[in-house]
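For reference, the structure discussed in these notes is given below.
There are 2 protein chains.
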Amino acid sequence: MHEALTIGQLATRSGVAPSALRYYERLGLIRSQRTGGNQRRYARTELRRVAFIRISQQVGVSLEEIREALDSLPSSRTPTPDDWAALSRSWRDRLDEKIRLLGKLRDDLDGCIGCGCLSLQRCTLYNPADSLAAEGPGARLMLPRPDSDPAPA
Amino acid sequence: MHEALTIGQLATRSGVAPSALRYYERLGLIRSQRTGGNQRRYARTELRRVAFIRISQQVGVSLEEIREALDSLPSSRTPTPDDWAALSRSWRDRLDEKIRLLGKLRDDLDGCIGCGCLSLQRCTLYNPADSLAAEGPGARLMLPRPDSDPAPA
DNA sequence: CTCGGAGTTGAAGCGCACTTCAACTCAAGG
DNA sequence: CCTTGAGTTGAAGTGCGCTTCAACTCCGAG
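These protein sequence lines map, in sequence, to chains P and Z.
Quick note, my numbering runs 8 ahead of the 1-based positions in the first sequence.
Quick note, my numbering runs 8 ahead of the 1-based positions in the second sequence.
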């Protein structure tokens, strides 16, 4: 029976290193059964989870957020296509939002950077109140420093 | 004269912490003059650089790449609007590419995750040959593992 | 049974983008 | 002059997303 995948097989098929898979498992993003000898065996459905994880990462979502999303899948039964569709719909909305913001960014870039606006405070590019796209890779999100608020009242 | 900004002023006006500004300066992303007492003084044009840095970061560009881009600005003279326009044009292309990829991702997500395709090898989402969007926040880029290559020859 | 490749663990390390800290100096007001 | 707040430095710490390592076990072929 080819149902259960070893970690090496899952790694090969998903393109994700075994160490990363173990890391994902520790964080609760994927799950496995164990053999008598304590080795991991993955159901093939985990491939889909891994795919979802990598795809989501590529659009700038943190593993923690991905975990939350995956938690919306039923844990007791194998997720149906409908379960996945619901998940991907909500992700689709995220992508739409990111695309919208990126388009805004692009349009503003010529108008703002290329122009003479140095004050930036009110600049749409500098107003992350609508929680901008990728949020940067670092540990920190951009905080708009209320002390320089253009409209204090 | 209000030409030179202290680091605190630049921080307030840009919304970026002084420590981050010093960090950027160490990496060569921004520059400053020093007073007799060794304090940094920033020309107002540095505000534009900082804006450019933050905006670029938000679309997933690393500081190193941003530095390279900023290096294309003339170092001897104050960059003209034209200089900035050239830079933002090239960034605009980047954004266009990211937007394109994100759109593809979005369209593929329903079709791929929601469907039954478990093999993923040939899936467009799993083929980063066209060097996908955000590249993930981590230290690592996704390596497609040649051993699982669907077309070895 | 022996061998080697694949798997196991916890701990440590790494690269990025910063922040925090300690110890110090500078600059302006009273 | 003294104080206080802003600035200076290098070094160390932080959080994320992993990888690497050492030391060990498992498992299937010969």
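All C-beta atoms in this analysis are idealised placements derived from N, C-alpha and C, irrespective of residue type, glycine included.
From a predicted model like this one, the values you see are computed outputs, not experimental measurements.
#### Entry: Min CB distance L110 (chain P) to chain Z below 7 Å
Position 102 of the first sequence holds residue 110 (chain P). So yes, L110 (chain P) belongs to the interface.
#### Entry: From Z:Y50, Z:N46, Z:E33, Z:P26, residue whose alpha carbon lies closest to that of L12 (chain Z)
Taking the first residue of the second sequence as 1, we reach residue 12 (chain Z) at position 4. It is worth fixing the name first, because residue 12 (chain Z) is Ala in this sequence and not Leu. Each of Z:Y50, Z:N46, Z:E33, Z:P26 was checked against the Cα of A12 (chain Z), and the nearest Cα belongs to Z:Y50.
### Task
Alpha carbon to alpha carbon, how far is P89 (chain P) from P82 (chain P)? Give it in angstroms, no decimals.
Reading the first sequence from its first residue, position 74 is the one you call residue 82 (chain P). Reading the first sequence from its first residue, position 81 is the one you call residue 89 (chain P). Straight-line Cα distance between these residues: approximately 12 Å.
### Task
Under 8 Å between beta-carbons, which chain P residues line up against D104 (chain Z)? List them in chain order, please.
Numbered from 1 along the second sequence, position 96 holds the residue referred to as residue 104 (chain Z). Chain P residues near D104 (chain Z): R114.
### Proximal chain Z residues relative to I15 (chain P), where beta-carbon distance stays under 7 Å
For the purposes of this step, residue 15 (chain P) is identified with residue 7 of the first sequence, where counting begins at 1. The premise fails here: I15 (chain P) is roughly 14 Å from chain Z at the closest Cβ pair, so nothing lies under 7 Å.
### Task
Name, please, each residue of chain P whose Cβ falls closer than 8 Å to the Cβ of I61 (chain Z).
Along the second sequence, read from residue 1 onward, the residue named residue 61 (chain Z) stands at position 53. None at all; the shortest Cβ gap to chain P is about 10 Å.
### Message
On a Cα-Cα basis, can you pick out the residue from P:R42, P:D91, P:N46 that is closest to R56 (chain P)?
### Response
Taking the first sequence and counting its residues from 1, the one referred to as residue 56 (chain P) is at position 48. If we check each option's Cα against that of R56 (chain P), P:D91 comes out closest.
### Query
Out of Z:R108, Z:S40, Z:K106, Z:D79, which has the shortest C-alpha to C-alpha gap to A94 (chain Z)?
If you number the second sequence from 1, residue 94 (chain Z) lands on position 86. Nearest of Z:R108, Z:S40, Z:K106, Z:D79 to A94 (chain Z), Cα basis: Z:D79.
### Query
Mind checking whether I38 (chain P) and P26 (chain P) have CB atoms under 7 Å apart?
Residue 38 (chain P) sits at position 30 when you count from the first residue of the first sequence. Residue 26 (chain P) sits at position 18 when you count from the first residue of the first sequence. Going by C-beta atoms, I38 (chain P) is not nearer than 7 Å to P26 (chain P).
### 8 Å Cβ cut-off: residues of chain Z touching I38 (chain P)
As a first step, residue 38 (chain P) must be located in the first sequence, where it is residue number 30. The CB of I38 (chain P) never comes closer than 8 Å to any CB in chain Z; the least such distance is about 14 Å.
### Message
Mapping the DSSP letters down to three states, classify R62 (chain P) as helix, strand or coil.
### Response
The residue given as residue 62 (chain P) occupies position 54 in the first sequence. Here DSSP, grouped into helix, strand and coil, assigns R62 (chain P) to helix.
#### Entry: Classification of R48 (chain Z) by the beta-carbon crowding that lies within 10 angstroms, buried from 16 upward
Position 40 of the second sequence holds residue 48 (chain Z). The residue is buried, with at least 16 neighbouring Cβ atoms inside 10 Å.
### Message
With H, G and I counted as helix, E and B as strand and the rest as coil, what does DSSP make of Q47 (chain Z)?
### Response
Walking along the second sequence from the start, residue 47 (chain Z) turns up at place 39. Annotated three-state conformation of Q47 (chain Z) is coil, per DSSP.
### Message
I'd like to know whether the C-beta of I107 (chain P) is nearer than 7 Å to at least one C-beta of chain Z.
### Response
Translated into positions along the first sequence, residue 107 (chain P) becomes position 99. Under the Cβ distance rule, I107 (chain P) counts among the residues neighbouring chain Z, one pair being separated by less than 7 Å.
### Task
Taking the CB atoms as reference points, tell me whether S22 (chain Z) and V67 (chain Z) lie closer together than 7 Å.
Taking the second sequence and counting its residues from 1, one reaches residue 22 (chain Z) at position 14. Taking the second sequence and counting its residues from 1, one reaches residue 67 (chain Z) at position 59. The answer is no: Cβ separation not under 7 Å.
### Where R34 (chain Z) falls, given that 16 or more other Cβ within 10 Å makes a residue buried
Within the second sequence, numbered from 1, the residue matching residue 34 (chain Z) stands at position 26. With fewer than 16 neighbouring CB atoms inside 10 Å of its own CB, R34 (chain Z) falls in the exposed class.
### Query
Who are the neighbours of G45 (chain P) on chain Z, taking C-beta pairs under 8 Å?
If you number the first sequence from 1, residue 45 (chain P) lands on position 37. Those do not exist, as G45 (chain P) stays about 25 Å from chain Z at its closest Cβ, beyond 8 Å.
### Query
Quick one: Cα of G45 (chain Z) to Cα of R75 (chain Z), how far?
On the second sequence, position 37 is the one that residue 45 (chain Z) refers to. On the second sequence, position 67 is the one that residue 75 (chain Z) refers to. Each residue's Cα considered, the two are about 28 Å apart.
### Query
In or out: R108 (chain P) buried (at least 16 other Cβ within 10 Å) or exposed?
Numbered from its first residue, the first sequence carries residue 108 (chain P) at position 100. The Cβ neighbour count for R108 (chain P), taken over all protein chains shown within 10 Å, is under 16; the residue is labelled exposed.
### Query
Does DSSP classify R42 (chain P) as helix, strand or coil?
On the first sequence, position 34 is the one that residue 42 (chain P) refers to. Assignment of R42 (chain P) by DSSP, reduced to helix, strand and coil, places it in the strand class.
### Query
Helix, strand or coil: which one does DSSP assign to L13 (chain P)?
Sequence index remark: in the first sequence, residue 13 (chain P) carries index 5 (1-based). L13 (chain P) falls in the strand class under three-state DSSP.
### Query
Per DSSP, what kind of secondary structure is P82 (chain P) in: helix, strand or coil?
Locating residue 82 (chain P) in the first sequence gives position 74, where the first residue counts as 1. It is coil, neither helix nor strand.
### Task
Flag this pair as yes or no: are the beta carbons of L110 (chain Z) and L71 (chain P) separated by less than 7 Å?
Taking the second sequence and counting its residues from 1, one reaches residue 110 (chain Z) at position 102. Taking the first sequence and counting its residues from 1, one reaches residue 71 (chain P) at position 63. Not closer than 7 Å, so no.
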